[in-house]
Amino acid sequence: MKIRRYAGVTTFIVAGALALTACSGGSSGSNDEPSDAAGEATTGIVSVNGTEPQNPLTPGMTNEVGGGLAVKNIFSGLVYYDSEGASHNEMAESIESEDNQHWTITIQDGWTFSDGTPVTAESYVKAWKYTALLSNGQNQQYFFHDFAGWSDTEDSEIAVEAVDEHTFTVELIAPSADFQLWLGYSAFMPMPDVFFENPDIYSDAPVGNGPYVVDSWEHENVISLRPNPDYKGPRTPKNGGIDIVIYTDENTAYNDLLSDNLDIITNVPSSAFATFEDDLGDRAINQPAAVVQVVQVPEWREEFQGEAGKLRRQAISQAIDREQVTETVFGGTRTPATDFTSPVIDGYSDDIPGAEVLQFDAEEAKRLWDEAEAMDPLGADYTLEIASNADSDHQTWVDAVCNQVRNALDIGCEFYPYPTFDEFLNARDDASVPGIFRGGWQADWPSMSNFLGPVYGTGAGSNDAQYSNPAFDEKLKEAGQAATPDEATALYKEAQQILFEDLPGIPLWYNNATAGYAETVGNVEFGWDSDPILYEVTKSE
Amino acid sequence: MRWYIGRRLLQVIPVFLGATLLLYALVFLRPGDPVAALGGERGLPEAVQEQIRERYNLDKPFLVQYLLFLKGVFTLDFGVDFRGREIVDVIAGAFPVTIQLAVMALIIEAVFGIGLGLVAGLRKGGIFDGSVLVISLLVIAVPTFVIGFVLQFLLGVKAGLFPVTVGRDPNFESLLLPAIVLAAASFAYVLRLTRTSVAENLSADYVRTARARGLTRSRVTGRHVLRNSLIPVVTFLGGDLGGLMAGAIVTEGIFNINGVGGTLYQAITRGENVTVVSLTTVLVIVYILANLLVDLLYAALDPRIRYA
Amino acid sequence: MPENIDVTGARRDQPRRGQEHFVAPVDEGGLGAVDAVSTTQAPKSLWGDAWAHMRGNVLFWVAGAVIALVVVVAVAPGLFTSIGPRACDLSQSLSGPAAGHPFGFDFQGCDIYSRTVYGARASVVVGVLATAMVVVIGTIVGAIAGYFGGWFDTLLSRLTDIFFAVPLVLAAIVIMSLMSTRTSFTVALVLSLFGWPQIARITRGTVMSVKNNEFVTAARSLGMGRVGILLRHVLPNSTAPIIVYATVALGTFIVAEATLSYLGIGLPPSIVSWGGDISKAQNSIRVAPEILFYPAGGLALTVLGFIMMGDVVRDALDPKARKR
């Protein structure tokens, strides 16, 4: 009888290119020097916790946090993001377009991969085509879905062509002003020729062009990154290297941090939410992230359809005291939601008409529920199920929310666990979830459209609740074609107004990046993607 | 005796086939679709999923998958896991530290369990017996997670007496605390089994006879009582070795040990059938050998037990 | 002459007519205790004997009282508290004891006393049921394998090995997912389905040792059947390790239920259990370690009751211990 509790679970990044203060689209950004914050170059090896990568460390395969941290440090793309989330050219000389649909990209001369071969336009073209080609089975294939020629049903080449050694062109399916913002995401990194010679060969030390190279990878133990002597770009390491130490339990990593065995922890364990800011003082990090948590309300459940369904959605939303849950359950490491996007997104506002439905009001909630009951009775025995995968720590907040729902609405409310993530996915896909279910969204790039279209657009990939409202789809379309960003923002707000009416998902809270570091290191900053900016960290030996 | 051992070793084959078939059936019946989960919340296009299923033979019928696995075993080519890593490497990476940890835990639970159990059994009903009962209640009722966390925090982080985690440097010193934590739960079994058997055997005829013959108390205890009391204890320890190796999930997590328990657990939740069955195959062999050793020990402990 | 008239002046426990002592009176002989054969009563059954022996043991009554208390709490938790275990108020999260709430509140703001009382039922059912099932399966398999040996042993022992090899998490994920409803019974079923091999091996080892005893040879030479010897002589002398293993396993099963529930494959969250609360208390261990104490205390008390009872029963069943 020896199974016991186990907490570690792979976390996926759905996210990608991120930047807050985006460079204006169209012309190239200037080749800014990185903001030279405090800290001269040091030689200490910085240790940071991580999880064992679940895929080969290649741009086309790595789609989860474990591998992501390594990949973004061993590969360099066209642009990179600084700690403010602003994008700067890394390998790109220029990224230009007349119409925001046909792009011409010029890369800098003189870059090499760690095996000495040059990085050329062809390195990008081949890598992108390889990842986007369906039969190559790449996890990141989806990220090329806005490229002309992309298909997820048959093999077809995307419209990326090399013009000369340093220039290549891209054609998108539709104009996209923020194209260059995507390009810092790992799916858009180049790959060396040696990879294409035999892509299936698994390598512990992939050849890259980033600020670091993999020195050694002891599986399930540590990935050692050392500065790449041939690195030409602006992300010059200020330390002697990075050790990504693999943990399966964040509590353990945290205890190692407290005893100076670990320099940086990227995720504070939930058991330390209440104490970590006292434990670490100004070495604690608790800053907003571009992640919004919602409960999806499935269209396939009869009780949530029609007029009564609408009332029930509102009743559930108003029965939840978000303030109390974020403060008590999450110790202030979440921020109550006021919209469907995130406060770190340009155009965010907390006073969209209809957002009152996110305010806790037990009496109003009960009144709405009773009104729905009068129209279409479910009976007093009704139990609201809140489903989630159980292999990650979701039960605590679901329990808290359920207690609030029970107290306010006088109905049953239970956590409905799926033992594994894939079972949860399955149940969502075949519409067999017996109630509302957890949904979280992390943006691919920093625009409101990315929070709305993929989740609530008719037939969209992550529209797990199967919501469909032509008026909402129309608003999104209008916003995509808007002439100015302000106009677009206004239209996205109108689109959200529709969502507040229909509540296809009930926004709960925004995640914060909760992290910390030991006294052994300096100049630690966390990026928009909640990952530490490792090359800037200083540590003396 | 030699014939008996030979026959037992031959029996490894049917057990191996039975266990792997049962395991394969279980992983096959496991609900959910591991390939779909590879894409995270975003999911993967259906065509990509088919690709992956084909690559890992997941599209084949059950028996074909099982036979392909057997072929892999006999050619010592287990294939690769979803990460593209050779499963042989995964096994080679996880087992050494796990064996070290499990053996240390086994020794700890055997030494302390038998030692304390013996004294408690000899003085049944006394204060010592009572205190030992309280200790065993404690390790039964307080889960490993808590024992591990508390010991790590107090002895490791606060007092600095032990390394906080094992990580990439598994040695005797760093594995000592994890081994103690791992041994805690089984310790209660060893202790109670020893104590009761000792107490029971104390009243056996041969003990009275031996005492009557004028043998010293310690000699009676050592040569007769303890030896005769050890049969259930040794049985438990033999069966527990495999359990300590496969079930150290929590302990491995707390002390950041890259071992079999955690690897197995993750492979189960990810639905990596071949990894699960391959790792367990090694465990099956450990179980069989440990149980064989126990059976041989019976004959040494109790001369009346003979194997033809 | 009527039998009850005492013509010889001897006491009532003297031999009846036709039976005579040719040595000193029973009470005076040094070997009296050994030789004393009750000739006036019908021989007691094994269990009757055990019962008589247990009745006189204080520990039996203590253990009985503990178990009775746990059972009453499990059957009728409403007698002990008027507060519902699921009436929780997050604003009370981790508050200390207050009037009417002697143990204070847990992380979700639920009354810990009430949860401890209501948690007994599921935990006791899972623990007792799973233990009972592994004891039955394990004893049967182990006794047959150990006593008959040969092909029985080979077959049953290898079957045990096969079940030994299956990781419980895997088996539980598969079996629990295939079940449409999850109750204490299904959880106990899964725990016992893969929990019996250890007890089977322990029984087998003990039986192998016991069957070589002189009294077994004696019984055989008296013409007793093999099955009869197994049931009447071998098994009663093999109970000690089985009982001990079972009483400790009872506790581990209750904790194991928590693990299964934590993984989403145990009891549904609507069922309060000690295991579940122990597992939840772990989240607060840095700030409020004391809330762990109550569900773990309930578990420890239950296990204590069964361990003591196991001791008493074992003593009572052990012919050696009764000789004195």
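Chains as they are written, first to last, in our numbering: chain A, 1 to 541; chain B, 1001 to 1308; chain C, 2001 to 2324. Note that CB positions come from ideal geometry on N, CA and C, so glycine has one too. Predicted model only: the values in this text are computed from it and were never measured.
**Bridge partner(s) assigned by DSSP for Cys413 of chain A** = DSSP, once it has assigned bridges, lists A:Leu384 as partnering Cys413 of chain A.
**Item:** Outcome for Met2179 of chain C when other beta-carbon atoms lying within 10 angstroms are tallied against a minimum of 16
**Value:** Around the beta carbon of Met2179 of chain C, fewer than 16 other beta carbons lie within 10 angstroms, which makes this residue exposed.
**Asked** If the cut is a Cβ gap below 7 Å, which residues of chain B does Asp422 of chain A touch?
**Response** Residues of chain B passing the Cβ test: Gly1032, Asp1033, Pro1034, Ala1036, Ala1037 and Gly1271.
**Request:** Check the Cβ of Val2303 of chain C against every Cβ in chain B and list those closer than 7 Å, keeping chain order.
**Result:** Within chain B, the residues near Val2303 of chain C are Leu1137, Ile1140 and Ala1141.
**Asked** Which residues mark the beginning and the end of the beta strand (DSSP E) in which Phe168 of chain A is found?
**Response** Thr167 to Glu171 is the extent of the beta strand (DSSP E) around Phe168 of chain A.
**Request:** Could you work out which residues of chain F lie near Ser2192 of chain C, taking near to mean beta carbons separated by less than 8 Å?
**Result:** Going by chain labels, chain F is absent from the structure shown, which instead holds the protein chains A, B and C.
**Request:** Kindly indicate if chain C contains any beta-carbon less than 8 Å away from that of Thr275 of chain A.
**Result:** Contact of Thr275 of chain A with chain C is assigned, a C-beta pair being separated by under 8 Å.
**Request:** Find the nearest neighbour of Pro446 of chain A within the set A:Ser388, A:Gln496, A:Tyr247 and A:Tyr185, judged by alpha-carbon distance.
**Result:** Of the residues A:Ser388, A:Gln496, A:Tyr247 and A:Tyr185, the one whose Cα lies closest to the Cα of Pro446 of chain A is A:Tyr185.
**Asked** For the stretch 1287-1301 of chain B, which residues have a CB atom closer than 9 Å to at least one CB atom of chain C, in sequence order?
**Response** For the stretch 1287-1301 of chain B, the set of residues with a beta-carbon nearer than 9 Å to any beta-carbon of chain C comprises Tyr1287, Ile1288, Asn1291, Val1294, Asp1295, Tyr1298 and Leu1301, in chain order.
**Prompt:** Quick one: what's Val214 of chain A bridged to in DSSP?
**Reply:** Looking at the DSSP output, Val214 of chain A bridges to A:Leu225.
**Asked** Would a check of beta-carbon distances place Ala2033 of chain C closer than 8 Å to chain B?
**Response** Summary for Ala2033 of chain C: the model assigns pLDDT 49, below 50, so the residue's position carries little reliability; its value from the coordinates is reported in the next sentence. Judged by the 8 Å Cβ criterion, Ala2033 of chain C is not in contact with chain B.
**Prompt:** Under the rule that 16 or more other beta-carbon atoms within 10 Å means buried, what is Asp464 of chain A, buried or exposed?
**Reply:** Within a 10 Å sphere around the beta-carbon of Asp464 of chain A sit 16 or more other beta-carbons, which makes this residue buried.
**Asked** If you check the beta carbons only, do Val295 of chain A and Leu133 of chain A fall under 8 Å apart?
**Response** Contact: no.
**Asked** Where in the stretch 106-189 of chain A do unbroken runs of the beta strand (DSSP E), each at least 3 residues long, occur, reported from the N-terminal end onward?
**Response** Unbroken beta strand (DSSP E) runs of no fewer than 3 residues, entirely contained in the stretch 106-189 of chain A, are found at 160-164 and 167-171, following chain order.
**Asked** Asn2212 of chain C versus chain B: which residues are under 8 Å apart at the beta carbon?
**Response** For Asn2212 of chain C, the chain B residues whose Cβ falls inside 8 Å of its Cβ are Asp1302, Arg1304 and Ile1305, in order along the chain.
**Message:** Between which two residues does the alpha helix (DSSP H) holding Ile1114 of chain B run?
**Reply:** Looking at the DSSP string, the run of the alpha helix (DSSP H) that includes Ile1114 of chain B is Ile1087 to Leu1122.
**Item:** Helix, strand or coil at Pro336 of chain A according to DSSP, with G and I counted as helix
**Value:** In this structure, Pro336 of chain A counts as strand in the three-state DSSP scheme.
**Prompt:** Hey, Val1015 of chain B and Val1276 of chain B: beta-carbon distance below 8 Å or not?
**Reply:** Contact: no.
**Message:** Could you check whether the Cβ of Thr1020 of chain B sits closer than 8 Å to any Cβ belonging to chain A?
**Reply:** Not a single C-beta of chain A is nearer than 8 Å to the C-beta of Thr1020 of chain B.
**Asked** Tell me, which residues are paired with Gly461 of chain A by DSSP?
**Response** Beta-bridge partners of Gly461 of chain A (DSSP): none assigned.
**Prompt:** What does a CB cutoff of less than 7 Å around Ile246 of chain A pick up in its chain, not counting 5 residues either side in sequence?
**Reply:** For Ile246 of chain A, where only same-chain residues beyond five positions count, the Cβ hits under 7 Å are Gly50, Thr51, Glu52, Glu220, Asn221 and Val222.
**Request:** Pull up the DSSP beta-bridge partners for Tyr80 of chain A, would you.
**Result:** Its beta-bridge partners are A:His88.
**Request:** Could you spell out the range, first to last residue, of the alpha helix (DSSP H) harbouring Arg367 of chain A?
**Result:** Here the alpha helix (DSSP H) through Arg367 of chain A covers Ala362 to Met375.
**Item:** Through-space distance from Phe421 of chain A to Leu2263 of chain C, alpha-carbon basis
**Value:** Answer to the nearest angstrom: the Cα atoms are 11 Å apart.
**Request:** Note down, in chain order, each residue of its chain lying with its Cβ closer than 7 Å to the Cβ of Ala1998 of chain C, except the 5 sequence neighbours on either side.
**Result:** This structure cannot speak to residue 1998 of chain C, because chain C is shown only from 2001 to 2324.
**Request:** Would you list, in chain order, the members of the stretch 122-138 of chain A that have their beta-carbon closer than 9 Å to a beta-carbon of chain B?
**Result:** Residues of the stretch 122-138 of chain A with a C-beta atom less than 9 Å from some C-beta of chain B are Leu134, Ser135, Asn136, Gly137 and Gln138, listed in chain order.
**Message:** Would Leu1230 of chain B and Val1260 of chain B qualify as a contact pair, given that the criterion is a beta-carbon distance under 8 Å?
**Reply:** Pairing Leu1230 of chain B with Val1260 of chain B gives a Cβ-Cβ distance that is not under 8 Å.
**Message:** Please list, in chain order, the chain A residues whose beta carbon lies closer than 8 Å to that of Leu1044 of chain B.
**Reply:** Taking a Cβ-Cβ cut-off of 8 Å, the neighbours of Leu1044 of chain B in chain A comprise Asn139, Gln141 and Tyr142, given in sequence order.
**Request:** Name, going along the chain, the residues of the stretch 1225-1259 of chain B whose beta-carbon falls closer than 7 Å to a beta-carbon of chain C.
**Result:** The residues in question are Ile1231, Pro1232, Thr1235, Phe1236, Gly1239, Gly1242 and Ala1246.
**Prompt:** So what does DSSP say about Asn261 of chain A, is it helix, strand or coil?
**Reply:** When secondary structure is reduced to three states using DSSP, Asn261 of chain A falls in the coil class, being assigned neither helix nor strand.
**Request:** Would you kindly check if the distance between the Cβ of Ser76 of chain A and the Cβ of Asn209 of chain A is under 8 Å?
**Result:** Taking 8 Å as the Cβ cut-off, Asn209 of chain A and Ser76 of chain A qualify as a contacting pair.
**Request:** Return the CA-CA distance between Tyr142 of chain A and Asp410 of chain A, expressed in angstroms with no decimal places.
**Result:** Our two residues, Tyr142 of chain A and Asp410 of chain A, have alpha carbons roughly 44 Å apart in a direct line.
**Prompt:** Would a check of beta-carbon distances place Ile2202 of chain C closer than 8 Å to chain A?
**Reply:** Output row for Ile2202 of chain C: interface = no.
**Request:** Let me know the alpha helix (DSSP H) ranges lying completely inside the stretch 1015-1042 of chain B, each 4 residues or longer, listed in chain order.
**Result:** DSSP assignment within the stretch 1015-1042 of chain B yields the following whole alpha helix (DSSP H) runs of 4 residues or more, N-terminal first: 1034-1037.
**Item:** beta strand (DSSP E) segments (min. 3 residues) lying fully within the stretch 2102-2160 of chain C
**Value:** With a minimum length of 3 residues, no continuous beta strand (DSSP E) run stays inside the stretch 2102-2160 of chain C.
**Message:** Is the beta carbon of Tyr130 of chain A closer than 8 Å to that of Gly60 of chain A?
**Reply:** At the C-beta level, Gly60 of chain A and Tyr130 of chain A come within 8 Å of one another.
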